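From first to last, the protein sequence lines stand for chains L and W. Letter by letter, the first sequence follows residues 9 to 397 of my numbering. Letter by letter, the second sequence follows residues 128 to 355 of my numbering. What follows is one structure encoded as C-alpha cells, with my remarks underneath.
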Amino acid sequence: MKAVCWYSANEVRVESVPDPTILNPRDAIIKVTSTAICGSDLHIYGGYIPTVQQGDIIGHEFMGEVVEVGQGIENLKIGDRVVVPSTIGCGRCHYCQHDMWSLCDNSNPKAWIEEKLFGNITSAIYGYSHMLGGYAGAQAEYVRVPFADVGVVKVPPDLSDEMLLFISDAIPTGYMGAEFCDIQPGDTVAVWGCGAVGQFAMISAYMMGAEKVIAIDRFPERLEMAKKYAKAEIINYEEVNAGEALKEMTGGRGPDACIDAVGLEAHGVGIEDFYDQTKQKLKLETDRPHVLREMMVACRKGGTLSIMGVYGGFVDKIPFGAAFNKGLTFRMGQMHGQKYMHLLLQLVLDGKLDPSFVVTHQLPLEQAPRAYEIFQQKLDNCVKVVLKP
Amino acid sequence: MTLTSGDKQAEASDLERWASLIGGGALVLMGLRQASLRGVLTALAGGGLIYQGATKRSTIQQAQEAIGLNKPIKVEKTVTINKPTEELYRYWHNFENLPTFMKHLKSVKVYNEKRSHWIANAPLGNSIEWDADILEDRENEFISWASVEGADVENSGFVRFQPAPGNRGTEVKVVLEYNPPGGTLTAIFAKLFGEEPEQQIGDELRRFKMLMEAGEIATTEGQPSGRK
Ligand SMILES: [Zn+2]
Ligand SMILES: [Zn+2]
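Below is the structure:
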C-alpha cells in the first residue's frame, strides 16, 4: 500500500510499504477513505517530537471502512463505515473506564521511554512517535486499529466524509478544550489559534453558554473564518498587542478562560520569540511556550487556562508567579476522544454542527509532501488539508 | 508454610522486620543489600532459622562482590492492575503461564505443588535451565520461590498481591534476584536482561497487566513502515 512516511525535519515521502495485518485479537484493519493533516502533525513534520524515526508512517485523524477484524471483535463487521479516535484506548483499564482514554495504561507497548521521561504512561496515538507507542499512522491506504471493539464509532452512509472525519480528532479536542473552561453564564473565552481545533473550541464554548468568544491568530483568513463560522470577535496579534486588546475587550478584567489551540510551535513577536526560536534550534528547550506565557498574563484572576495544543518536552521562562498569585487553574491533556465522539456525531446528525467548513484543501495521498508544505506555510489560505488515499 | 499470628509472636524481631518490608511499601532491595533475597524468603517460609545462615557470608564471597564479580541482578517493580486479587493470584500461581508475558522465559513446566522446571532464553539459541521450589504460598496474597541447590543460575523471587484502595484493583509487587553463574555463562546471562534489567522486568510486569486487563498484549511488531 501507499503510506506517508516521515524522513527528516520537513521531509515526508509517499512510499510503498507492506499492508498492515491483524496482530492481536482485538485488532481491525480499516481501509482509509479520508485522513487529515492535524496541526500537531506539523510538530512531527518539523522534527520537534522526540522518538520519531525515519520511515515511520504518520497521521492520526482518519475514517474509513472495516475490511478485516480480529477474532476478538464482535461488534464490528466488514463493510462498516467508521470514524476512529486518534488516541488508542484499551477500554478496560482504570483510566479508560473513567473516560480518561488518552491516559490509557495498556495501549503503549514502548511505555518505558515515556515512563522515564514523564514518570507515567499515557495512551498511544497513531503515528505519533515511539514514545507514544510507535503505532503506524493513518495517512495510508490501510491502517491497523487496535482495541477496535471500543471507541470506534459507526457512522451512517449518507453523510460526506468531510462532515464526519473531524470527529476523529479536531472536534473532540476543541470540545474538551471548552469543557475544561467550566464555562459560566456571562463568561468570555479567549482562544489562541484559529486552526480546526481552535474553530471547534470556539463553537463549543458558545454551545456551553459563553457570552463572548475572542479569537487570536495572525492569519487574516483564519480570523475571518472564526468571525464567520464561530461568531468570534477577533484579534490579529501582528497588528495589535493581544494582551492589551484582551484587557480592552473585557472591561480591564481579562478573559475568564483561555484556550491554547496552538502548542509548542507558537509564534510570538519581538525579542521573546527570537529567544524561543533560538533556544529550540539549539535544543536548549524543546517547546516554544509563547502562548502559555501570554495566557498566564492575560487571564483574569481566578480564571482557567485550558491547554489543548501539544507540548512535548520542556519550556522555559514561564511566568509562574503570575499564575500562582492570580490563582489560575490549569487543565490540559491529549483529548479523550472516545468520551465525546458519540455525542459529537449526534450533533452532526441533528444538524447542529457542520464541521465541513474548515476544509480548505483536498489532495490525493500521493501529494502528501506538497500538502504538508501548504499546511505548514499556510499557503493559499490553508486551514485544513484532507488527504484522499 | 504459613505464618499464623501465634507464630508471629514467637519470631525474632529480624524476621518481623523483613516481613514488614515485604508486606509494606518500603523498597525491599534497600534492605537486601546485605542478605540475599533467597535467604530472606527462606527465613520467612521456614520460620527464621535459616535466616541466620543466609547472613553469614564467606569472606571470599564478600571479596568477589567488592570487586564486582558475581554481582547479583536484583530488581523490584510494583504495578496496579484493575482486576481482583484472586484472579491475578490464580493466573500467576500456575507458573506455566509466566512465559506468556515474561519474554526472558522460554517455558516453565510444573512438576507438582512445590517443584517446577524453568527454561530461560539465552542468545544464539542457547538456553539456561533450573529447577525451582515454591517456598511460601499464601492464597491470594503472596508466592515466593527459589531455585534448588545446584542450579546453573541461582535465583529467587516473590510476587505479592494486595488490594488497592478505592476499587483501583490490585497492587502487584514483584521482586527478583538472579546470581549470574561464573565463567562464560555470565556473559550469556547478562544479555538475557540487557543493559537495564529493571526496565525489562518492568516491561514484563506491564505485559502481565495488559494481558489481565485488556486480554492481549499491545504490540507494534510486524506492522508496516517505510524503513528499508
Ligand atoms: Zn491531532
Ligand atoms: Zn485503557
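Built from N, CA and C at the ideal position, the CB exists for glycine as well. Treat the numbers as computed from the prediction; the structure is a model and nothing was measured.
The segment 128-148 of chain L makes no contact with the segment 74-91 of chain L: fewer than 3 CB pairs, one atom from each, lie closer than 8 Å. The beta carbon of Pro-397/L sits no closer than 7 Å to any beta carbon of chain W. At a Cβ-Cβ threshold of 7 Å, Tyr-183/L and Tyr-348/L count as neighbours. If you keep only unbroken beta strand (DSSP E) runs of at least 3 residues inside the segment 189-258 of chain L, you get 196-200, 220-225, 241-244.
DSSP places Arg-152/L in the strand class (E or B) of the three-state scheme. Contacts with chain W at 7 Å (Cβ-Cβ) do not include Val-158/L.
For Asp-157/L, the shortest C-beta to heavy atom distance toward ligand 1 is 6 Å or greater. Under the 7 Å criterion on CB atoms, Ala-144/L is classed as interfacial with respect to chain W. The beta carbon of Cys-98/L sits closer than 7 Å to some beta carbon of chain W. For the 7 Å CB-CB criterion, Arg-308/L and Ala-274/L do not form a contact. Inclusion of Cys-46/L in the 6 Å shell around ligand 1 follows from its C-beta lying nearer than that to a non-hydrogen atom of the ligand.
Excluding its 5 nearest sequence neighbours in each direction, Pro-397/L has C-beta neighbours in its own chain below 6 Å: Val-40, Glu-149, Leu-373, listed in chain order. Taken through DSSP and simplified to helix, strand or coil, Gly-342/W comes out as coil. Taking a Cβ-Cβ cut-off of 7 Å, the neighbours of Ala-345/W in chain L comprise Asn-114, Ser-115, Asn-116, Pro-117, Pro-154, given in sequence order. Relative to ligand 2, the nearest heavy atom lies less than 6 Å away from the CB of Asn-114/L. The beta carbon of Pro-199/W does not come within 7 Å of any beta carbon belonging to chain L, so the residue lies off that interface. CA-CA distance, Ala-11/L to Pro-165/L, rounds to 25 Å. Of the heavy atoms belonging to ligand 1, none sits nearer than 6 Å to the Cβ of Asp-64/L. Only Gln-326, Gly-329, Asp-330, Arg-333, Lys-336, Met-337 from the segment 326-339 of chain W bring a Cβ to less than 8 Å from some Cβ of chain L. Counted as a single uninterrupted DSSP element, the stretch harbouring Tyr-143/L is not any alpha helix (DSSP H), since DSSP gives it neither H nor E. Under the Cβ criterion (8 Å, minimum of three pairs), the segment 105-117 of chain L counts as touching the segment 328-343 of chain W. Of all residues in the segment 19-44 of chain L, only Arg-21, Glu-23, Val-25, Pro-26, Asp-27, Pro-28, Thr-29, Leu-31, Asn-32, Pro-33, Arg-34 come within less than 8 Å of chain W when Cβ atoms are compared, listed by chain position.
Residues of chain W with a Cβ closer than 8 Å to the Cβ of Cys-189/L do not exist, since the nearest Cβ in that chain sits about 28 Å away.
As for any alpha helix (DSSP H) of minimum length 4 sitting wholly inside the segment 206-283 of chain W, the runs are 212-220, ordered along the chain. Chain W places no beta carbon closer than 7 Å to that of Cys-104/L, leaving this residue out of the contacts. Our two residues, Glu-123/L and Met-139/L, have alpha carbons roughly 9 Å apart in a direct line. Distance from the CA of Leu-31/L to the CA of Gly-345/L, rounded to the nearest whole angstrom, comes to 23 Å. Under the criterion of beta carbons closer than 8 Å, Thr-130/L and Gln-342/L qualify as touching, at roughly 7 Å. Distances from the CA of Ser-94/L to each of Gly-87/L, Ala-132/L, Ile-81/L, Lys-85/L were compared; the closest alpha carbon is that of Ala-132/L.
DSSP places Phe-332/L within a helical segment (H, G or I) once states are collapsed to three. At a cut-off of 7 Å, the C-beta of Gly-63/L has a neighbouring C-beta in chain W. Rounded to the nearest whole angstrom, the CA to CA distance from Lys-201/W to Ala-247/W is 17 Å. Below 8 Å, too few C-beta pairs join the segment 322-331 of chain L and the segment 350-358 of chain L to call them touching: fewer than three. Under the three-state reduction of DSSP, Ala-269/L is assigned to coil, being neither helix nor strand.
The three-state reading of DSSP puts Tyr-53/L in helix, counting H, G and I together.
A contact is defined here as three or more CB-CB pairs under 8 Å, and the segment 337-346 of chain W fails this definition with respect to the segment 236-243 of chain W.
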